[in-house]
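There are 2 protein chains.
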Amino acid sequence: MKFSPLLSELIRTLRYLPGVGQKTAQRMTFHLLERNRQGALELATALHNAMEHVQHCRQCRNFTESDLCEICASPARQQTGVLCVVETPQDVMAVEQTSEFKGLYFVLMGHLSPIDGIGPDDIGLDRLAEMLDEHPIEEVILATNPTVEGEATAHYIAQMCRSRQIKASRIAHGVPVGGELEYLDGSTLMHAFNGRREL
Amino acid sequence: MKFSPLLSELIRTLRYLPGVGQKTAQRMTFHLLERNRQGALELATALHNAMEHVQHCRQCRNFTESDLCEICASPARQQTGVLCVVETPQDVMAVEQTSEFKGLYFVLMGHLSPIDGIGPDDIGLDRLAEMLDEHPIEEVILATNPTVEGEATAHYIAQMCRSRQIKASRIAHGVPVGGELEYLDGSTLMHAFNGRREL
Ligand SMILES: [Zn+2]
Ligand SMILES: [Zn+2]
């Protein structure tokens, strides 16, 4: 016996979610059918709307359904003259949760990785260059991950800043080598920001 | 900074899935946006279709989008004259995976629990009675969970069978007390079926 076609299809597509295998997908399916059909319909609508309408912010590349994200559109943020460069939207959230940083972001959506054929344009550095040229940025805080690729990316961007006489700094203390920004507690991340050094 | 409205809504509704917290919902959201928008749209459609169209089989109460499920509609299954009573659709899948049992099922979608106000009609025993009266059932295998409520439910149904001169048996060997059928390996479950005893 197999599941009915609609159940099979739901179990199959739930497995697109990271970390969800066959058994978990079955449990999710039965849970929703037995206890929360309304919630499941809300999830279906939310998935549809997000996938159809969420794109990248024109300026910082973070995810948003607007042309400019909430941070880029904020005059207070622009006035700080500080730009924090991170690898992923999750990293923006991690930094935001410290409430220490009040400037703008640039989200690379990755890092330089010549071995995978990922060059400067693939991580939006052409757009970052425009941002540095067009906005009164005084300091760029490089908050890429402390991995080989993250460090290489930070150094590449530091060069871009140097050629424009913009100060570039690298977050430092507290970020464990090989670790990922996303999983750091806010306090450690705050120390990393305060302990940044100029590149 | 908060997530944009569409992202917030997707993260919120992903938490309707069992075992998914805030952090996992965020990871799922970014994963789908970055790597599998098409899959997410397929999931949205599958959720919608399953929640709108999957109901209970008219005869055995298992989930299906048809009036009668595939098992109830099978003449070969009907001819066995054997009916297996389980608590959940997941238990049907667990038994089916052993490929040992070829009869019909009845899915209680729960168990008797007087303390929670769950009586015989709430677990479909009125419908089970009709099934026993209308079909040539020769044996009922009681495969409810080996918990207090599961045992009480099995004994209640055994009484229903006795009053109709239908043999009732209880699966036995190999099911750990307090355990759940759904998580048993197929071999243990096969032994439990073969070692059943009449009630
Ligand atoms: Zn932006
Ligand atoms: Zn059925």
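Protein sequence lines, in the order shown, are assigned to chains A and B.
Going from the first sequence to the numbering used here is simple: count from 1 and add 939.
Going from the second sequence to the numbering used here is simple: count from 1 and add 939.
Here a beta-carbon is modelled for each residue, glycine too, at the ideal position from N, C-alpha and C.
Predicted model only: the values in this text are computed from it and were never measured.
task = Would you kindly check if the distance between the Cβ of Ala1091 (chain A) and the Cβ of Leu1051 (chain A) is under 7 angstroms?
result = Reading the first sequence from its first residue, position 112 is the one you call residue 1051 (chain A). Reading the first sequence from its first residue, position 152 is the one you call residue 1091 (chain A). Taking 7 angstroms as the cut-off, the Cβ atoms of Leu1051 (chain A) and Ala1091 (chain A) count as close.
request  = For Thr1003 (chain B), return the contacting residues in chain A, with the cut-off set at a CB-CB distance below 7 angstroms.
outcome  = As a position in the second sequence, residue 1003 (chain B) is number 64, starting the count at 1. Those are Ser943, listed as they occur along chain A.
ask   = Do Thr1037 (chain B) and Ser943 (chain A) have their C-beta atoms closer together than 7 angstroms?
value = Counting from one through the second sequence, the residue named residue 1037 (chain B) turns up at place 98. Counting from one through the first sequence, the residue named residue 943 (chain A) turns up at place 4. Their beta carbons are not under 7 angstroms apart, which means Thr1037 (chain B) does not touch Ser943 (chain A) by this criterion.
message = Nearest by alpha-carbon distance to Pro1028 (chain A): which of A:His1094, A:Cys999, A:Gln965 is it?
response = By one-based count along the first sequence, residue 1028 (chain A) stands at place 89. Of A:His1094, A:Cys999, A:Gln965, the residue nearest in Cα terms is A:Cys999.
ask   = Listing by chain order, which chain B residues have their CB less than 8 angstroms from the CB of Cys1008 (chain A)?
value = Along the first sequence, one-based indexing puts residue 1008 (chain A) at 69. The answer, in chain order, is Ser943.
query = Rounded to the nearest angstrom, how far is the Cβ of His970 (chain A) from that of Ala983 (chain B), given a contact under 8 angstroms?
reply = Indexing the first sequence from 1 puts residue 970 (chain A) at position 31. Indexing the second sequence from 1 puts residue 983 (chain B) at position 44. Not quite, the Cβ-Cβ distance comes to about 18 angstroms (not below 8 angstroms), so this is no contact.
inquiry  = For Ala1015 (chain A) and Leu1123 (chain A), which I take to be in contact (beta-carbon distance under 8 angstroms), what is that distance rounded to the nearest angstrom?
reply    = As a position in the first sequence, residue 1015 (chain A) is number 76, starting the count at 1. As a position in the first sequence, residue 1123 (chain A) is number 184, starting the count at 1. Going by Cβ atoms, the distance from Ala1015 (chain A) to Leu1123 (chain A) rounds to 25 angstroms, so no, they are not a contact pair.
task = Pull up the distance between the alpha-carbon of Arg1135 (chain A) and that of Leu972 (chain A), whole angstroms please.
result = In the first sequence, the residue the question calls residue 1135 (chain A) occupies position 196. In the first sequence, the residue the question calls residue 972 (chain A) occupies position 33. Cα to Cα, Arg1135 (chain A) sits roughly 51 angstroms from Leu972 (chain A).
ask   = Going along chain A in order, which residues have a C-beta closer than 7 angstroms to the C-beta of Gly978 (chain B)?
value = For the purposes of this step, residue 978 (chain B) is taken as residue 39 along the second sequence, with counting starting at 1. Neighbours of Gly978 (chain B) on chain A, chain order: Thr952, Tyr955.
ask   = Secondary structure at His1094 (chain B), three-state DSSP: helix, strand or coil?
value = Locating residue 1094 (chain B) in the second sequence gives position 155, counting from the first residue. Assigned with DSSP and collapsed to three states, His1094 (chain B) falls in helix.
request  = Please state if the CB of Ala1107 (chain B) and the CB of Arg1100 (chain B) are separated by a distance shorter than 7 angstroms.
outcome  = The residue you call residue 1100 (chain B) lines up with position 161 of the second sequence. The residue you call residue 1107 (chain B) lines up with position 168 of the second sequence. Per the sequence presented here, residue 1100 (chain B) reads as Cys, with Arg not at that position. It is a contact, given that the beta carbons lie within the stated cut-off.
ask   = If the cut is a Cβ gap below 7 angstroms, which residues of chain E does Phe1045 (chain A) touch?
value = In the displayed structure, chain E is absent; the protein chains listed are A and B.
query = Do the CB positions of Ala989 (chain B) and Leu956 (chain A) come within less than 7 angstroms of each other?
reply = The residue you call residue 989 (chain B) lines up with position 50 of the second sequence. The residue you call residue 956 (chain A) lines up with position 17 of the first sequence. No.
query = Is it buried or exposed for Gly1089 (chain B), if we count other Cβ within 10 angstroms and need 16 for buried?
reply = Along the second sequence, read from residue 1 onward, the residue named residue 1089 (chain B) stands at position 150. Gly1089 (chain B) counts as buried, since at least 16 other C-beta atoms from the protein chains shown sit within 10 angstroms of its C-beta.
task = Report the residues of the stretch 1013-1035 of chain B with a CB closer than 8 angstroms to any CB of chain A, ordered along the chain.
result = So the list reads Thr1027, Pro1028, Gln1029, Val1031, Met1032, Glu1035, given in the order they occur along the chain.
task = Determine the extent of the beta strand (DSSP E) in which Arg1103 (chain B) is found, giving its start and end residues.
result = Stepping through the second sequence from its first residue, residue 1103 (chain B) is reached at position 164. Note, Arg1103 (chain B): premise wrong, no beta strand (DSSP E); not H, not E.
query = When the distance is taken between beta carbons, is Gly1042 (chain B) closer than 7 angstroms to Cys1023 (chain B)?
reply = As a working note, residue 1023 (chain B) is residue 84 in the second sequence. As a working note, residue 1042 (chain B) is residue 103 in the second sequence. For the 7 angstroms CB-CB criterion, Cys1023 (chain B) and Gly1042 (chain B) form a contact.
message = I'd like to know if Asn975 (chain B) contacts chain A, where contact means its C-beta is closer than 7 angstroms to some C-beta of that chain.
response = Here residue 975 (chain B) corresponds to residue number 36 of the second sequence, with the count starting at 1. Answer yes: the Cβ-Cβ gap between Asn975 (chain B) and chain A drops below 7 angstroms somewhere.
message = Let me confirm a value: Gln965 (chain B) is counted as buried when at least 16 other C-beta atoms fall within 10 Å, else exposed. Which label applies?
response = What you label residue 965 (chain B) is simply residue 26 of the second sequence in a count that begins at 1. The residue is buried, with at least 16 neighbouring Cβ atoms inside 10 Å.
ask   = Do Leu1120 (chain B) and Asp1030 (chain B) have their C-beta atoms closer together than 7 angstroms?
value = Residue mapping note: residue 1120 (chain B) aligns to position 181 of the second sequence, counting from 1. Residue mapping note: residue 1030 (chain B) aligns to position 91 of the second sequence, counting from 1. Contact flag set, yes.
ask   = Does any residue of chain A bring its CB to less than 7 angstroms from the CB of Leu982 (chain B)?
value = For the purposes of this step, residue 982 (chain B) is identified with residue 43 of the second sequence, where counting begins at 1. Chain A contact via Cβ: present.
query = In the structure shown, what three-state DSSP assignment does Thr984 (chain B) receive?
reply = Here residue 984 (chain B) refers to the residue found at position 45 of the second sequence. In the three-state reduction of the DSSP assignment, Thr984 (chain B) falls in the helix class.
Local Cβ density within 10 Å of Arg1109 (chain B), reported as buried at 16 or more and exposed below that = The residue given as residue 1109 (chain B) occupies position 170 in the second sequence. Arg1109 (chain B) should be labelled buried.
With 16 other Cβ atoms within 10 Å as the buried cut-off, status of Leu1071 (chain A) = Here residue 1071 (chain A) refers to the residue found at position 132 of the first sequence. By the neighbour-count rule (16 or more Cβ atoms within 10 Å), Leu1071 (chain A) is buried.
query = For Arg997 (chain A), which three-state DSSP category applies?
reply = Start at 1 with the first residue of the first sequence, and residue 997 (chain A) comes out as number 58. Secondary structure at Arg997 (chain A): coil, using DSSP grouped into helix, strand and coil.
request  = Verify the contact flag: Cys1008 (chain B), CB atom, against every heavy atom of ligand 2, threshold strictly below 6 angstroms.
outcome  = Taking the first residue of the second sequence as position 1, residue 1008 (chain B) is located at position 69. In this structure, Cys1008 (chain B) has its beta carbon less than 6 angstroms from a heavy atom of ligand 2.
ask   = With 16 as the cutoff for other CB atoms within 10 Å, does Glu948 (chain B) come out buried or exposed?
value = Counting from one through the second sequence, the residue named residue 948 (chain B) turns up at place 9. It is buried - the Cβ of Glu948 (chain B) has at least 16 other Cβ atoms within 10 Å.
key: Endpoints, the beta strand (DSSP E) within which Glu1078 (chain A) is located   = As a working note, residue 1078 (chain A) is residue 139 in the first sequence. Glu1078 (chain A) -> beta strand (DSSP E) spans 1078-1081.
query = If you measure from the beta carbon of Phe1040 (chain B) to each beta carbon in chain A, is any gap under 7 angstroms?
reply = Here the question's residue 1040 (chain B) lines up with position 101 in the second sequence. Output row for Phe1040 (chain B): interface = no.
As assigned by DSSP and simplified to three states, the class of Val904 (chain A) = Nothing about residue 904 (chain A) can be reported from this structure: the residues present for chain A run from 940 to 1138 only.
Val1178 (chain B) versus Asn1001 (chain B): straight-line alpha-carbon distance, rounded = Nothing in the structure corresponds to residue 1178 (chain B), since chain B is present only between 940 and 1138.
request  = Consider the C-beta atom of Cys996 (chain A) and the heavy atoms of ligand 1; say whether any pair is separated by less than 6 angstroms.
outcome  = Looking up residue 996 (chain A) in the first sequence gives position 57. Under cutoff, so the answer is yes.
task = Output the boundary residues of the beta strand (DSSP E) element that contains Thr1022 (chain A).
result = As a working mapping, residue 1022 (chain A) is identified with position 83 in the first sequence. The sequence given here has Leu at residue 1022 (chain A), not Thr. 1021-1025 is the span of the beta strand (DSSP E), which, as asked, contains Leu1022 (chain A).
inquiry  = Need the endpoints of the alpha helix (DSSP H) that Leu946 (chain B) sits in, please.
reply    = The residue you call residue 946 (chain B) lines up with position 7 of the second sequence. Start and end: 944-953.
query = Are Leu1081 (chain B) and Ile1096 (chain B) touching if we call contact CB-CB under 7 angstroms?
reply = Position 142 of the second sequence holds residue 1081 (chain B). Position 157 of the second sequence holds residue 1096 (chain B). Cβ atoms of Leu1081 (chain B) and Ile1096 (chain B): closer than 7 angstroms.
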